[in-house]
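Residue numbers (our numbering), protein chains in the order written: chain Y, 3 to 380; chain B, 3 to 380.
For reference, the structure discussed in these notes is given below.
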């Protein structure tokens, strides 16, 4: 009997990770009906991450009422996996861009609900929280979430308030003592695949503000708000983390995760691999199949296939990458441990036509690899 | 040490078989410097076939003066391989379409020179002739070649003449006795990958006449000429072969090969495989790499990869097909013995862009297969 681990990233805009798992499984099953096949849909921290973790590991989906992006009441969810000890939250559940369609304004939106989800998970006994940053409509650097969990932000007049992107500039003082007691004994990991710093040209406001509805003027306003927050925290908490890689993710939520919550920012794929205990699953595995929409080595950070390769190489299990496009200069991918890279492009057509036949092409590509495997192993 | 046989078809319009062999060899050599690699460029019966055989087997290239398409004197060549016993002729050498560029007229052109090449090869001791049909500018059903080797065609008035496409209709009587004595003890194989009958809607004139310069009126004239020839030969030689598969190839040369020369019409790839003694080369081989511009199973006849699969399957050697496009419904290819089919399409672009990067893509595709092989074999 042979053992296969399937752990593909989504092909963005074409197929979800879960869908790819199911197509791969079908093609493998056809060729090796008796195979042990373990499917691990990959969470990227954005929408669908909670479901991916639940699918991969089993667990409970918790729905509670929290504050939405505009402090409105709404239902949001998170997951509890790992026998009740690990809470999985995607911030887009209550601070996601689709929630403010047509009325996006990153000056006014809050991550308050995210803090409520975190608090609920801790109250239910979770001792580790995984928070997916991604797809947010906010620019409050996590101040809303921190407030929900007990941090107190005061303005010049000494009045407490809940800062949003547009009012970060009014913060004069922060008291995090309430927050810290909440977090005692809780490990936090934030999934974050980007490198941007908190502010400046490559910061949260400049790079991601426009897609959240910010005009050039608003971008400047948001950027100085983030700078101001950092100055306050530098002074009050003796922190210097604005340049940390990923601080600028999710409207500065990466920064907030570090500053308020003492979280570790980790690549999504590493979080997934650690959480599903991938190294243990690798024991006795014959093949790992992964993949992504395009493999290249220009941006190694955040790349699913490369993240997996580091582990499979150590465990000496062949890693087969099945991808949409194969970029130039992928020598490094092999060096890092990928055994073979196969494109699903079976005919020479443009992407707009290729995507329509992607499911069938993926199935036939895996089928071909299985047939070939059979012939070679003989 | 591992042994590889490389026997790819050309990727029409992109890379010749010989070029593909050399790229494949480079990629294999990089991964397995010590491998034994045997390259067999595939002759398809058209231009370049003689060189392909000479490259694959070694031999002598003979150049002699013969008649060209318009009975003009010209230099043409053929090859002698197999220790002097096998002559290889491509009819395009003296009856090819490029020779009449700007003055093509299939009513007037002749295969006379082809007969002269055949005669010369026999005179030099060849006991087997391989004649590549393909790329011709003629429509004389091989009557010219037959005349060159001793057949006598007479008109109503009893005068002998050398028929061309436009004068086949004047044939009243044929005497093949001179021809037969020439051919005694000589085996003839014509390479022919198409199925068309001699005349009619799917016949030589209707299907291939236009690309040789025939107007619709001329096509009708040529078609009735072929019909007339067949009526004469039915009566005089008691032959009924106008419907034979391939009779309509090369302006009816397929028919002439059967009728005048008693040749066997054989798929090009089978001719190549037999000639290079492929089954003997397969002994001890670890992998065979083949390929073609597009693999599909709609037209199995003439397909290089499928032709090879029949042999590799019997010998239980894995056959890897590396192709441009992979057609639909290729299940049958696997059933016939192909172990794996890999497209060189590494990014989703149209053919016009894909062809520009075909060489690099082919190299990287073979490189990937070699790396993967290494990982799987471990």
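Every residue gets a Cβ at the ideal spot worked out from N, C-alpha and C, and that includes glycine.
In whole angstroms, give me the CA-to-CA distance for residue i and residue j.
| i | j | result |
| --- | --- | --- |
| residue 35(Y) | residue 43(Y) | 21 angstroms |
| residue 255(B) | residue 180(B) | 19 angstroms |
| residue 393(Y) | residue 283(Y) | For residue 393(Y) there is no data in the structure shown, the boundaries of chain Y being 3 and 380. |
| residue 328(Y) | residue 295(B) | 20 angstroms |
| residue 88(Y) | residue 64(Y) | 12 angstroms |
| residue 6(B) | residue 247(Y) | 49 angstroms |
| residue 227(B) | residue 214(B) | 16 angstroms |
| residue 274(Y) | residue 133(Y) | 12 angstroms |
| residue 53(B) | residue 314(B) | 25 angstroms |
| residue 178(B) | residue 161(B) | 16 angstroms |
| residue 240(B) | residue 234(B) | 9 angstroms |
| residue 312(B) | residue 289(B) | 14 angstroms |
| residue 323(Y) | residue 260(Y) | 33 angstroms |
| residue 51(Y) | residue 45(Y) | 4 angstroms |
| residue 48(B) | residue 210(B) | 15 angstroms |
| residue 370(B) | residue 163(Y) | 59 angstroms |
| residue 357(B) | residue 99(B) | 25 angstroms |
| residue 125(Y) | residue 201(Y) | 34 angstroms |
| residue 231(B) | residue 205(B) | 14 angstroms |
| residue 269(Y) | residue 191(Y) | 10 angstroms |
| residue 20(Y) | residue 60(Y) | 14 angstroms |
| residue 33(Y) | residue 376(B) | 22 angstroms |
| residue 58(B) | residue 41(B) | 7 angstroms |
| residue 159(B) | residue 127(B) | 38 angstroms |
| residue 77(Y) | residue 196(Y) | 28 angstroms |
| residue 186(Y) | residue 165(Y) | 24 angstroms |
| residue 29(Y) | residue 326(Y) | 17 angstroms |
| residue 223(B) | residue 168(B) | 7 angstroms |
| residue 374(Y) | residue 287(Y) | 18 angstroms |
With a cut-off of 8 angstroms on the beta carbons, I'd call residue i and residue j a contact; round off their distance for me.
| i | j | result |
| --- | --- | --- |
| residue 97(B) | residue 113(B) | 5 angstroms |
| residue 39(Y) | residue 364(Y) | At roughly 16 angstroms, the Cβ-Cβ gap does not stay under 8 angstroms, so residue 39(Y) and residue 364(Y) are not in contact. |
| residue 345(B) | residue 321(B) | With a Cβ gap of about 16 angstroms, residue 345(B) and residue 321(B) do not count as contacting. |
| residue 338(B) | residue 297(B) | About 11 angstroms separates the two Cβ atoms, so there is no contact after all. |
| residue 150(Y) | residue 199(Y) | That belief does not hold up - the Cβ atoms of residue 150(Y) and residue 199(Y) are roughly 25 angstroms apart, past 8 angstroms. |
| residue 258(B) | residue 95(B) | That pair is no contact at about 17 angstroms. |
| residue 120(B) | residue 91(B) | 6 angstroms |
DSSP three-state label for residue i, please.
| i | result |
| --- | --- |
| residue 385(B) | Outside the displayed span of chain B (3 to 380) sits residue 385(B), for which this structure offers no information. |
| residue 385(B) | Beyond the ends of chain B as shown, which are 3 and 380, falls residue 385(B); an answer cannot be given. |
| residue 344(B) | strand |
| residue 279(B) | coil |
| residue 258(B) | helix |
| residue 379(Y) | helix |
| residue 353(B) | helix |
| residue 146(Y) | helix |
| residue 103(Y) | coil |
| residue 1(Y) | With chain Y covering 3 to 380 only, the question about residue 1(Y) has no answer from this structure. |
| residue 19(B) | helix |
| residue 251(B) | coil |
| residue 163(Y) | strand |
| residue 151(B) | coil |
| residue 201(Y) | coil |
| residue 185(B) | coil |
| residue 138(Y) | strand |
| residue 284(Y) | coil |
Based on DSSP bridge pairs, tell me the residues matched to residue i.
| i | result |
| --- | --- |
| residue 175(Y) | 156(Y) |
| residue 88(Y) | 83(Y) and 130(Y) |
| residue 374(B) | Paired residues: none, contrary to the question. |
| residue 76(Y) | 68(Y) |
| residue 38(B) | 5(B) |
| residue 297(B) | 328(B) |
| residue 268(B) | 193(B) |
| residue 289(B) | 6(B) |
| residue 98(Y) | 138(Y) |
| residue 322(B) | 291(B) and 342(B) |
**Prompt:** Which residues, taken in chain order from the segment 341–352 of chain Y, show a beta carbon closer than 8 angstroms to some beta carbon of chain B?
**Reply:** The residues in question are 341, 342, 343, 344, 345, 347, 348, 349, 350, 351 and 352.
**Message:** Can you pull out the residues from the segment 297–325 of chain Y whose beta carbon lies closer than 7 angstroms to at least one beta carbon of chain B?
**Reply:** Taking 7 angstroms as the Cβ-Cβ cut-off against chain B, the residues of the segment 297–325 of chain Y that qualify are 320.
**Request:** Output, in sequence order along the chain, the residues in the segment 177–198 of chain Y whose CB is closer than 8 angstroms to any CB in chain B.
**Result:** Residues of the segment 177–198 of chain Y with a C-beta atom less than 8 angstroms from some C-beta of chain B do not occur.
**Item:** Contacting positions in the segment 357–377 of chain B - beta carbon closer than 7 angstroms to chain Y
**Value:** Among the residues of the segment 357–377 of chain B, those with a Cβ less than 7 angstroms away from any Cβ of chain Y are 370, 373, 374, 375 and 377, in the order of the chain.
**Item:** Near-chain B residues of the segment 71–103 of chain Y (beta-carbon distance less than 7 angstroms), N- to C-terminal order
**Value:** Those would be none; no residue qualifies.
**Prompt:** What are the residues of the segment 327–339 of chain Y that lie near chain B, defined by any Cβ-Cβ distance shorter than 7 angstroms?
**Reply:** For the segment 327–339 of chain Y, the beta-carbon criterion of a distance under 7 angstroms to any beta-carbon of chain B is satisfied by 327, 328 and 336.
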